[in-house]
Amino acid sequence: MPTINTVFIANRGEIAVRINRACRDLGIRTVQGYSQADADSLAVRLADEAVCIGAAAAKQSYLNHAALIAGAKASGADAIHPGYGFLSENAEFAEQCEAAGLVYIGSQPSVIRLMGDKAAARKLAIESGVPVSQGSKEPVSTPEEAAEIANRVGYPVLVKASAGGGGRGMRVVSSEGDLRESLERASMEAAAAFGNGAVYIEKYLHPVRHIEVQVLGDGKRVVHVGERDCTIQRRHQKLVEEGPSPALTPALRGRITESAVAIASKVGYRSAGTVEYIVDAARQEFYFIEMNTRIQVEHPVTEMLSGLDLVALQIRIAAGEPLPLEQSQIAFSGHAIECRINAEDPEKGFLPRPGTLTEYSAPSGPGVRVDSHAFPGYVLPPHYDSLIAKLIVWGANREEARARMRRALTEFRVEGVPTTLKFHQRLMTEPDFISSDVHTRYVKETMWAGHPAQHML
Ligand code: MV4
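According to our numbering, the residues represented by the sequence shown are 2 to 458, in order.
What follows is the structure in structure tokens.
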């Protein structure tokens with residue numbers, strides 16, 4: 002059983018701070034890898050030690066396999082945590098970490114690779130008896146084959162890149178006339194973006210909700226830790242996540258969580274993972290779309306509902322401990338909502354606008370959690386994502402959580418950059434949000450129909 006004394010944090014921002022906190026609670030030392038742009042960051046300040054891994058550009062730092070592994074080895078770390086984004090679902094990096102004698106805090110490289118191939122993951126779901134949207138069993142090899150499948154399932158269809166995920170390399174095709182060109186473009190884009198042009202076809206289902214199930218495995222056993230409803234998105238960027246999903250009946254919840262455990266069990270899943278679905282709430286039907294083999298941005302929603310520390314559990318599992326929980330020991334309470342506070346200008350199409358936080362004052366009080374790396378005077382660098390903070394609130398029920406979120410959003414003071422605070426304040430009072438009568442195109446169709454400025458007053 003590998004003992005973990007020191008963890009190298011191979012990521013930045015709020016998730017680096019989050020990993021540091023889990024390590025601290027476990028009495029584990031931390032070494033923060035940082036780029037030149039993050040030298041003055043909170044993550045560096047909080048770590049026991051810090052190692053510069055390269056220049057600001059992600060390719061020269063947080064995506065630089067060799068620099069991260071060298072930094073970990075040179076600092077005497079015995080484990081490495083990839084966080085989310087960057088190399089967190091890169092099977093080759095996971096293999097290289099293990100080959101270098103580092104404990105990789107995440108899933109097995111073979112499982113990362115399998116689930117990274119979205120067509121193969123879909124096939125595994127089918128073999129596990131989990132519902133998927135009608136479409137191709139394998140990547141399509143000719144436009145004729147694609148046309149045959151699309152005609153069989155009916156338009157509109159989605160052309161999805163096998164190496165994509167998270168909406169990348171995905172195109173909606175509404176008629177046969179557009180199919181050939183869409184296939185060619187999707188395949189070319191996927192080849193350029195992911196080095197793999199394979200694409201597959203699915204019937205495009207709408208209106209649907211986007212619901213994901215948190216799973217935890219130790220390589221032998223798998224449990225689920227409930228679901229998160231991530232339907233409020235914009236261009237595949239999640240803006241608000243909540244749990245439990247208002248759209249699920251207890252019966253449907255049982256079916257979805259059971260299917261997530263079935264898929265994860267089939268591959269002997271290790272670490273924290275998320276199984277993503279689209280849900281036709283009206284018909285009480287659900288469809289597997291992909292599995293993410295990393296800790297996710299929105300994991301605090303699950304932590305607030307279950308009381309578990311998912312990052313600490315990842316570390317303990319990586320150290321070889323068996324899952325310390327039976328499914329029957331995982332209990333849920335209340336309702337949690339997370340809003341992502343980004344340095345983006347909703348009045349300019351959510352354009353990222355990094356800069357200096359001339360004022361930063363986070364909310365607090367009953368049921369409020371803020372996961373952030375920000376502080377007054379922090380210079381948000383332009384090289385990475387625009388996340389300033391995740392504001393998560395818990396309430397005994399959805400209405401109390403929504404009221405608290407509204408209160409916390411009004412308390413949140415961020416000046417110096419445009420933020421999504423006002424968007425969230427507006428959303429919390431939207432009748433459709435209050436009644437949870439939303440679908441994946443809600444933000445696009447409802448809050449941004451016409452010039453955005455009209456809706457931000
Ligand atoms: C879908 C879908 C509807 N029908 N698949 C795939 C990547 C994931 N992040 C979202 N995905 C979807 N897959 C079928 N067959 C709807 C989504 C989806 C979505 C699609 C377009 C625009 C925004 C979306 C937000 C959530 C889910």
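Every residue, glycine too, gets a C-beta built ideally from N, C-alpha and C.
Which of helix, strand or coil DSSP assigns to Thr-7: For Thr-7, the three-state secondary structure derived from DSSP is strand.
Closer than 6 Å: His-237 CB and nearest the ligand MV4 heavy atom: Taking non-hydrogen atoms of the ligand MV4 into account, the C-beta of His-237 is found less than 6 Å away from one of them.
Length of the line joining the Cα atoms of Ala-464 and Gly-155: Given that the chain is displayed from residue 2 to residue 458, the structure contains no residue 464 and the question cannot be resolved.
Closest Cα partner of Gln-234 within the set Gly-255, Thr-421, Ala-126: For the residues Gly-255, Thr-421, Ala-126, the minimum Cα distance to Gln-234 belongs to Thr-421.
Rounded separation between Ser-329 and Arg-22 - CA only: Taking the straight line from one Cα to the other gives about 27 Å.
Assumed close pair Leu-27, Ala-319 - CB separation to whole angstroms, cut-off 8 Å: Incorrect: roughly 11 Å between the Cβ atoms, too far for contact.
Close Cβ partners of Glu-345 (< 8 Å) along its chain, the five nearest in sequence each way excluded: Cβ neighbours of Glu-345 beyond the five flanking positions: Phe-351, Leu-352, Pro-353, Arg-354, Ser-387, Pro-419, Thr-420, Thr-421.
Cβ separation of Glu-242 and Val-302, assumed to be a contact under 8 Å, to the nearest whole Å: Sure, about 5 Å apart at Cβ, within 8 Å.
Continuous alpha helix (DSSP H) assignments of at least 4 residues falling wholly in the region 156-235: Runs of the alpha helix (DSSP H) inside the region 156-235: 177-195.
Distance between beta carbons of Gly-198 and Ala-337, contact taken as under 8 Å: The Cβ separation is near 40 Å, so there is no contact.
Sequence-distant residues of its chain with Cβ nearer than 8 Å to Glu-99 (five each side left out): Excluding residues within five positions, the ones whose Cβ falls inside 8 Å are Tyr-105, Pro-110.
Near the ligand MV4: Ser-260 beta-carbon under 6 Å from a heavy atom: Checking every heavy atom of the ligand MV4 against the Cβ of Ser-260, none is found closer than 6 Å.
Per-residue DSSP class, three states only, for Leu-358: In the structure shown, the three-state DSSP call for Leu-358 is coil.
Local conformation of Asn-343 per DSSP, three classes: In the three-state DSSP reduction, Asn-343 falls in the strand class (E or B).
Whole-angstrom distance between Asn-293 and Lys-161, CA atom to CA atom: Rounded to the nearest angstrom, the two C-alpha atoms are 16 Å apart.
Cβ-heavy atom distance, Glu-286 to the ligand GTP, below 6 Å: This structure does not include the ligand GTP; its bound ligands are the ligand MV4.
Distance between Gly-167 and Pro-144 (C-alpha atoms, nearest Å): Each residue's Cα considered, the two are about 24 Å apart.
Beta-carbon proximity check, Ala-409 vs Leu-392, cutoff 7 Å: Contact: yes.
Paired residues, beta bridge with Asn-293 - DSSP: In the DSSP assignment, the residues bridged to Asn-293 are Thr-275.
Tyr-156 CB to nearest heavy atom of the ligand MV4 below 6 Å: Checking the Cβ of Tyr-156 against the ligand MV4 gives no.
Ser-134 beta carbon near the ligand MV4 (any heavy atom closer than 6 Å): Flag set: Cβ of Ser-134 near the ligand MV4.
Pair within 7 Å by beta-carbon distance, Gly-55 and Ala-75: Cβ distance not < 7 Å, so Gly-55 and Ala-75 don't count as in contact.
Alpha-carbon to alpha-carbon, Leu-240 and Gly-417: Taking the straight line joining both Cα atoms gives about 21 Å.
Option in Ser-272, Val-280, His-237 with minimal Cα separation from Thr-258: Comparing Cα positions, the closest option is Val-280.
Cβ-heavy atom distance, Thr-441 to the ligand MV4, below 6 Å: Thr-441 Cβ: within cutoff of the ligand MV4.
Proximal residues to Lys-267 (C-beta, below 8 Å), its chain only, five neighbours per side dropped: Cβ neighbours of Lys-267 beyond the five flanking positions: Leu-125, Glu-128, Ser-129.
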